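Report on the following structure.
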Amino acid sequence: MKTNKLVKWLIAFALIFTVCIPLSKQAEAAQTLTATVNIKSGTLNVREKPSTSSKKVGSLKKGAKVTVYAKTKSGWSEIRYNKKKAFVATKYLTFISTQASYQQDPNKIYVYKYEDGLYTEKSNGKKYTHEYFGKGWLLWTTTMPDKTTYQWYLRETKDGLYTVHPDDPHTHNALIKYPVKVGYSWKIIYEGDVLNTYKITAVNKTVKTHAGTFKQVVEVTAEEGVKMYYAKNVGLIKTTYKGETTGELYQLKKK
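In terms of mature numbering (1 follows the signal peptide of the UniProt record, and there is no 0), the sequence shown is residues -29 to -1, 1 to 226.
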């Protein structure tokens, strides 16, 4: 496939964001982890600051589930206790291994910026059944700079994030495969022909876009030099070709 056709194909199947991100370029996407309290006896002290000498603001029982917003090098985890920032000792937490979601939020309207203008993406929030690939597909509509539109389906499973055109089963492909790990690769196929091979080439990138700066970003590389960047719990945030930006998140709006 010629490079320009590949780039256009990628644009047609591009995804955008799962959560509302501030539009400041200095904004950062927060990454969280889920953990349970794992102590032999008693309760786990909750501290105001990451120190054993800090004021105790509460306690957690064994088995309590917490959301961790950050971990310090000194062995503390930042949580929320009574809706306020607090800290617990990381060594007493067992982190729950879950696959992050890369599917955008159907309750939001997303805007991409490409060389030829702005592309707006919106879902009606309903799930549909595809004739060949079953239930659970969200319908998305993309409005291009010339105001023409096209529609596509999106579905996330334990195996990855998939897209397909409602009327063309040959377009069924994975945008990103799970579990996310460096070296994992898969084929992009159309009508039985292999168009490309995608490969996860990094899992901890920091990527800047017009809408914000994202950390712990996954880099997916295609054979022709196209790279796609996915943020945890956010989705696709940027595409490049040989180091040059071809598309990025520009704006995210409420419906």
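For each residue, glycine too, the CB sits at the ideal point set by N, CA and C. Since the model is a prediction, treat every value here as computed from it, not as a measurement.
{"Asked": "What are the start and end residues of each continuous alpha helix (DSSP H) run of 4 or more residues lying completely inside the region 122 to 190, in chain order?", "Found": "none"}
{"Asked": "Give the DSSP-derived three-state secondary structure of Tyr212 in the structure shown.", "Found": "strand"}
{"Asked": "Among all the DSSP beta bridges, which residues are the ones paired with Thr114?", "Found": "Thr91 and Thr120"}
{"Asked": "Using 10 angstroms around the beta-carbon of Val153, count the other beta-carbons present and answer buried if the total reaches 16, otherwise exposed.", "Found": "exposed"}
{"Asked": "Helix, strand or coil, according to DSSP, for Val33 in the structure here?", "Found": "In the sequence on display, residue 33 carries Lys and not Val. The answer is coil: DSSP assigns Lys33 none of H, G, I, E or B."}
{"Asked": "Are Asn144 and Val151 touching if we call contact CB-CB under 9 angstroms?", "Found": "no"}
{"Asked": "Helix, strand or coil: how does DSSP classify Thr14 here?", "Found": "coil"}
{"Asked": "What three-state label does DSSP hand Thr63 in the structure shown?", "Found": "This sequence places Tyr at residue 63; Thr is not what is there. Helix, per DSSP."}
{"Asked": "Just the C-alpha distance for Leu223 and Lys79, rounded to the nearest angstrom, thanks.", "Found": "7 angstroms"}
{"Asked": "Considering only residues of the same chain and omitting the five flanking positions on each side of Arg51, which have a CB-CB separation below 6 angstroms?", "Found": "none"}
{"Asked": "Look up Ser24 in the DSSP assignment and say whether it is helix, strand or coil.", "Found": "coil"}
{"Asked": "Apart from the five residues on each side of it in sequence, which residues of its chain come closer than 6 angstroms, Cβ to Cβ, to Gly29?", "Found": "Val17 and Tyr52"}
{"Asked": "Does the separation of the CB atoms of Val191 and Ile208 fall below 9 angstroms?", "Found": "no"}
{"Asked": "To the nearest angstrom, report how far apart Lys226 and Ala57 are at their CA atoms.", "Found": "34 angstroms"}
{"Asked": "Can you pull the DSSP bridge partners for Glu49?", "Found": "Ala41 and Phe58"}
{"Asked": "Taking the straight line between their C-alpha atoms, what separation do you get for His101 and Thr113?", "Found": "19 angstroms"}
{"Asked": "Look up Val205 in the DSSP assignment and say whether it is helix, strand or coil.", "Found": "coil"}
{"Asked": "Using CA coordinates, which residue listed in Gly105, Val37 and Asp130 is at the minimum distance from Pro140?", "Found": "Gly105"}
{"Asked": "Check the DSSP bridge columns for Tyr81 and list the partner residues they point to.", "Found": "Glu92 and Leu223"}
{"Asked": "Which stretch, first to last residue, makes up the beta strand (DSSP E) that contains Thr5?", "Found": "Leu4 to Val8"}
{"Asked": "Which class does Ala71 belong to by DSSP, given the choice of helix, strand or coil?", "Found": "coil"}
{"Asked": "Applying the criterion that 16 or more other CB atoms from any shown protein chain within 10 Å of the CB defines a buried residue, is Gly131 buried or exposed?", "Found": "buried"}
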